[in-house]
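Presented below is the structure to which this report refers.
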Amino acid sequence: MPTPFTDDTVDIIGELNRIKCTKYKNDCESLCSVSRQVKRLGDGHAGYVNYCYDSSYVTYLPFPIALLLNSNAINVPSIYIVPEASEIAASTFKDDAIKRWQSALGCSLKAFDGARVVSINGQDAWSYIDNLAAHSGSFQARTTRQNGFFASYQGISYRFGDFAQLALPPQSDTIELGLIRHGTTKRETYKVPYLSQLGAADKNFTDAKSFWAKNCRPIGITNGSPKSPVVAASPSNSSKIGVQRLVGEDPYSRPARFQSDPISPQMEDGKWIAVSSLVNDGPQNDVALPPRLRPPPSVSGIGAMQWHMLDDRKTAALHLSSFSAETIGMFSSFFFWAALDGVNKVKARGATRLLIDLTNNGGGAICLAAWLHRILAGPQPGIGIQPGLDGSVRAQDLPRKIVSKIVANRTGIDPHDRLLYNPVSWKDTNGKRFSPTLNWLNPPVGVQVNGVFDRFSRRIGDSCLPFKWTAPSTRPFNFENIAIMTNGRCASSCSLFSITMATKYNVKTVVVGGRPGTVQQYCGVVGGQSSNFATMDSEVKTVGLKHDPLAPPDFLTNSFQGINWKLAWSIRDPNTFEEFKSHPARYTFQLLPSTVNKPMALWKDIAKRLW
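Using this note's numbering, the first residue of the sequence shown is number 5, and each one after it goes up by one.
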């Protein structure tokens, strides 16, 4: 892989073959081995979740950590237990858990608030975090993966970070921490027990057999289903799991467990709500940010989009924690309205500058990102044809067979035009809809990706226009007065938006936190459009190719597999994909004890530094 992503290289086929030949003590060990190798890809769109084990029990430590500036050495940030740790523990865990931790530690949890972490399991704290970051997944940059171990916020939810919250069991029952407690200079060592609780969505069990039966077998949405009743009835399309015919509400119209977007893309106003979002392997937003840490009521907003005014009366803050329609309010039209209303409200209050907080924004609906770009950019050349990025999908043999089947018998196979591989689902780069008879994967286009030859489709243009709402005729803010801030963990649709704004208009980019001496990326995985196994399996079954030698078998376990389906072409280098390009932030600022996990305090601090 190119710099700075060289550590993402993994022989995934070789690793899977190794796992097949390895004898494990139990099923969980084999799953953990698979999970680690998939995470090494550094691609959160291609995440794999086995609901039998991933977050069946969620494991916690009472000490979320953060990288903070040392008050005695202002330019030397260190790793600390967050100042609010005991408050978060008290609001999250039952009294029994608190008592067990305090008994093991010999004192109150509050005594550890703000303690400096000197070592973890006998290693330097940074060395320990760095070793874990090698296989923590989701993001290509190691620096961004490191940031994921620190506590942070997403909207008004509190994220413990991957150090203090684990989706899979740790290798030991305790962790050893070398600490210097706040107000002291003495180094102390403590063994802190991990405590686990059954996941909220898991079903109770009494033994291994009932655990497997209730939690591990595939469910109705694990694998795909034929979308055409004609094909669904065909014996050539049956599978080992069996055929599930869709009746009533489409079961794929809801998000899979832990995910933010529907399993299959849905339609609104005659258009696909295409998404690009990360695969999550554990519960999201299950802990609330304490009221004293939350920003005051917004001047406008709905769900994950909230508009605030800072007390300088010049700076507006757009707190945008997701582009997913589920977090906005089920329908993307609410988001379209909220974006327009928010701009109007803050402008009416005198805002001339805009700080956009995309902390932990894992993406969502592509058209929502394109719409926000259109509002903030104003009427730019070409934006009326493509407010996002052009893309292409891989044109391997199986997808080419799918397209050939659809083109040969579209009215019989896909009479309602619901398949992603149907040519009428897409437009060319000039905004013209593909013909129903266009075999758009033939001939495939040869592309070099990280030095490896691959085959892709012709270029796909916009799929969002026309917007339902009328975009403003003028630009609301000068570009030099727009800044995007993240903790580096902005991905998918969030990356599409931030890259467009930074590359085309040179808006300011800021990463808050990050290991000193490293380059921080203001966004992570880009993709272009994400999908998943169930959706692709539905396409395969609908066209009658389930028994083709290239078709994957059904899952035999309760699993979810993400797919990086479409890749966006680069703005600066149009002959290459935007994926695996470096996106260094223009500014990197460290957190303070007074700003960590306090959005309003942080926005004020960043605004003063930038303007």
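Here a beta-carbon is modelled for each residue, glycine too, at the ideal position from N, C-alpha and C.
Query	Result
Count the other CB atoms within 10 Å of the CB of residue 378; is the residue buried (16 or more) or exposed (fewer)?	buried
Go ahead and label residue 57 buried or exposed: buried means 16 or more other beta carbons lie within 10 angstroms of its beta carbon, across all protein chains shown.	buried
Just to confirm, is the Cβ distance from residue 182 to residue 123 under 7 Å?	yes
Quick check: residue 94 and residue 84, are their CB atoms within less than 7 Å of each other?	no
Between the Cα of residue 475 and the Cα atoms of 374, 489 and 424, which residue gives the shortest distance?	374
Which runs of the beta strand (DSSP E) fall wholly inside the segment 490-561 and span at least 3 residues, in chain order?	512-516 and 532-536
According to DSSP, simplified to helix, strand and coil, what is residue 408?	helix
Report yes or no: do three or more beta-carbon pairs, one from the segment 409-428 and one from the segment 538-549, lie closer than 8 Å?	yes
Excluding the 5 residues preceding and the 5 following residue 585 in the sequence, name in chain order all residues of the same chain whose CB lies nearer than 7 Å to its CB.	574
Of all the options 24, 363, 201 and 541, which has the alpha carbon lying nearest to the alpha carbon of residue 162?	363
If we count the other Cβ atoms within 10 Å of its Cβ and call it buried at 16 or more, is residue 319 buried or exposed?	buried
Is the distance from the Cβ of residue 427 to the Cβ of residue 442 below 7 Å?	yes
Can you name the residues that DSSP bridges to residue 4?	The structure shown does not extend to residue 4, since the chain is modelled only from 5 to 615, so the question has no answer here.
Could you tell me the boundaries of the beta strand (DSSP E) in which residue 195 lies?	191-197
In the DSSP output, what is residue 363 paired with across the bridge?	Residue 363 is not bridged to any residue.
Checking 7 Å against the spacing of the C-beta atoms, do residue 616 and residue 606 come in under that value?	The shown model of the chain, from 5 to 615, leaves out residue 616, and the question about it has no answer.
Does residue 175 pass the burial test, meaning 16 or more other C-beta atoms within 10 Å, or should it be called exposed?	exposed
I need the DSSP call for residue 132, collapsed to helix, strand or coil.	helix
Would you please state the rounded distance, in angstroms, between the beta carbons of residue 68 and residue 155? I believe it to be under 8 Å.	4 Å
Can you confirm whether the segment 383-393 touches the segment 343-357 when touching is taken to mean that 3 or more C-beta pairs between the two stretches lie within less than 8 Å?	no
With a 10 Å radius around its C-beta and 16 neighbouring C-beta atoms as the bar for buried, classify residue 228 as buried or exposed.	buried
Return the chain-ordered list of same chain residues with a C-beta closer than 7 Å to the C-beta of residue 151, the five sequence neighbours on each side being excluded.	491, 492, 493, 517 and 518
Could you check whether residue 533 and residue 589 sit closer than 7 Å to each other, using their CB atoms as the reference points?	no
What do you reckon, are the CB atoms on residue 61 and residue 200 nearer than 7 Å?	yes
Pick out whichever of 559, 600 and 212 has its Cα sitting closest to the Cα of residue 54.	559
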